[in-house]
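What follows is a single structure, written as structure tokens, with notes after it.
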Amino acid sequence: MKPSSSISIFVVPFFLFLVCATQAIKTLFRPRDVLPLLPKEVSWPVLDYLNGAVDLLLTFVGAASSPDNAAVWKGACFYKNEAWMEFHNKTGSQFGGGTLHL
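With mature numbering (1 follows the signal peptide of the UniProt record, and there is no 0) as the guide, the letters of the sequence shown map in order to residues -24 to -1, 1 to 78.
Here's what the structure looks like:
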């Protein structure tokens, strides 16, 4: 075995290890990391659709109404979340208006 080929046997894997380690430091969390926790029928379609970890954050979809009837939900970042609509016509337009409180 030539000396140059024996050196390349050690250099190539070491270089690949450095590249992989650097990539792991850049992305501490990937959506595919939760793949083993989900059933296969659910995980593959969902995780193939995701583009990044931001896609895993909770999103509230609902309706806001008057202050007497507020929408309430619990999220990962905040324990008590509320949304309600305050109806007013401060601009004086014919359509009315309101303020959405979150």
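Every residue, glycine too, gets a C-beta built ideally from N, C-alpha and C. No experiment lies behind these values; they were computed from the predicted model shown.
- Pick out whichever of Ser69, Leu78 and Glu17 has its Cα sitting closest to the Cα of Lys56. When each option's Cα is compared against that of Lys56, the closest is Leu78.
- Item | Enclosing beta strand (DSSP E) for Leu13 [first to last residue] | Segment: none, Leu13 is in no beta strand (DSSP E) and carries neither H nor E.
- Rounded C-alpha distance that separates Thr75 from Asp44: Between the alpha carbons of Thr75 and Asp44 lies a gap of roughly 15 Å.
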